[in-house]
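Residues in the sequence shown are numbered from 65 upward in steps of one, following the working numbering.
In this text, a Cβ means the ideal position worked out from N, Cα and C, and glycines have one as well.
Following: one structure in structure tokens, then a few remarks.
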Amino acid sequence: MISDITTPSTDSSNPLSETDKQTLLDIARESIHSAVLGGKKFKVTPDEYSDILKTTCGAFVTLHNKGKLRGCLGRMTGDLPLYKMIQEMAISASLYDYRFTPIGPDELSKIDIEISVLSPMTRIDDITEIELGKHGIFIQKGVDSGVFLPQVATETGWSREDFLGHCSRDKAGLGWTGWKSADVYIFTATILTSGD
Numbered sequence: 065m066i067s068d069i070t071t072p073s074t075d076s077s078n079p080l081s082e083t084d085k086q087t088l089l090d091i092a093r094e095s096i097h098s099a100v101l102g103g104k105k106f107k108v109t110p111d112e113y114s115d116i117l118k119t120t121c122g123a124f125v126t127l128h129n130k131g132k133l134r135g136c137l138g139r140m141t142g143d144l145p146l147y148k149m150i151q152e153m154a155i156s157a158s159l160y161d162y163r164f165t166p167i168g169p170d171e172l173s174k175i176d177i178e179i180s181v182l183s184p185m186t187r188i189d190d191i192t193e194i195e196l197g198k199h200g201i202f203i204q205k206g207v208d209s210g211v212f213l214p215q216v217a218t219e220t221g222w223s224r225e226d227f228l229g230h231c232s233r234d235k236a237g238l239g240w241t242g243w244k245s246a247d248v249y250i251f252t253a254t255i256l257t258s259g260d
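Printed below as a string of structure tokens:
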């Protein structure tokens with residue numbers, strides 16, 4: 065299944081096609097399989113990809129097993145082509161998310177993949193600009209930072225203050241109200257999901 069939960073307005077002039085979406089999901093799944101089974105890294109074929117898959121932007125790969133989180137890693141900004149970012153984050157989420165044991169071979173058929181392709185971030189001064197379910201947030205103060213993807217607010221049912229408080233305390237380590245003296249950014253995401 066492929067579904068767009070929200071499409072970034074900033075990317076509307078250059079959206080992901082259905083082929084692009086399937087390509088990214090295939091890259092993620094094949095990269096995870098190769099990494100977990102200890103084989104060679106899945107070979108990508110960028111010459112066949114659209115220009116949008118070769119652009120740089122932030123992205124996250126999230127893995128679930130029967131609805132339970134099994135890994136989630138990404139980068140807020142892009143320093144790699146999107147197709148390469150997805151490959152690297154898929155491998156990292158499956159093997160190197162310190163919060164979880166690595167994905168095992170017996171789990172491969174049970175893993176659902178979610179890819180979040182991020183829009184550029186916008187700094188805000190008024191938290192009422194945050195639209196729950198549409199915007200993700202990035203909170204930064206000095207070297208401390210934390211992020212929640214847009215779907216976190218939908219999945220938890222949190223209020224805007226809860227969304228900020230949990231991100232500030234649990235992700236950035238700034239305390240529940242630390243966001244008030246930090247820089248707060250918002251972004252949107254194109255979200256692709258796939259099960260076996």
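Using a Cβ-Cβ cut-off of 6 Å (strictly less than) and excluding sequence neighbours within five positions of Gly237, which residues of its own chain qualify? Residue mapping note: residue 237 aligns to position 173 of the sequence shown, counting from 1. If we look at Gly237 and ignore the five residues flanking it on each side, its Cβ neighbours are Asp208.
What beta strand (DSSP E) runs, 3 residues minimum, are completely inside the segment 193-221? 200-205, 208-212
On the three-state DSSP scale, how would you describe Ser223? In the sequence shown, residue 223 corresponds to position 159, counting from 1. Reduced to three states, the DSSP call for Ser223 is coil.
Out of Arg224, Met185, Leu182, Thr186, which has the shortest C-alpha to C-alpha gap to Leu196? What you label residue 196 is simply residue 132 of the sequence shown in a count that begins at 1. Nearest of Arg224, Met185, Leu182, Thr186 to Leu196, Cα basis: Arg224.
Using three-state DSSP, classify Thr241 as helix, strand or coil. By 1-based counting over the sequence shown, the position of residue 241 is 177. In this structure, Thr241 counts as coil in the three-state DSSP scheme.
Within the segment 100-131, ranges of the beta strand (DSSP E) (whole runs, at least 3 residues): 123-129
Give the secondary structure of Leu80 by DSSP, where H, G and I count as helix, E and B as strand, and everything else as coil. Numbered from its first residue, the sequence shown carries residue 80 at position 16. Looking at Leu80 - three-state DSSP - the assignment turns out to be coil, as it is neither helix nor strand.
What residue range is occupied by the uninterrupted alpha helix (DSSP H) comprising Leu159? Position 95 of the sequence shown, counted from the start, is the residue given in the question as residue 159. Its alpha helix (DSSP H) spans residues 146-159.
Tell me, which residues are paired with Leu133 by DSSP? Taking the sequence shown and counting its residues from 1, one reaches residue 133 at position 69. BP columns for Leu133 point to His128.
Please go through the same chain and pick out, in chain order, the residues whose beta-carbon is closer than 7 Å to the beta-carbon of His97, but skip the five residues on each side of it. On the sequence shown, residue 97 is found 33 positions in, with the first residue counted as 1. So the list reads Leu172, once near-sequence residues are dropped.
Short Cβ contact (7 Å threshold) for Cys231 with Ile203: Start at 1 with the first residue of the sequence shown, and residue 231 comes out as number 167. Start at 1 with the first residue of the sequence shown, and residue 203 comes out as number 139. Contact flag set, yes.
Val181 to Ile201 span [Cα, whole Å]: In the sequence shown, residue 181 corresponds to position 117, counting from 1. In the sequence shown, residue 201 corresponds to position 137, counting from 1. Straight-line Cα distance between these residues: approximately 14 Å.
Cα-Cα separation between Thr252 and Ala217, rounded to whole angstroms: Residue 252 sits at position 188 when you count from the first residue of the sequence shown. Residue 217 sits at position 153 when you count from the first residue of the sequence shown. So the alpha carbons of these two residues sit roughly 13 Å apart.
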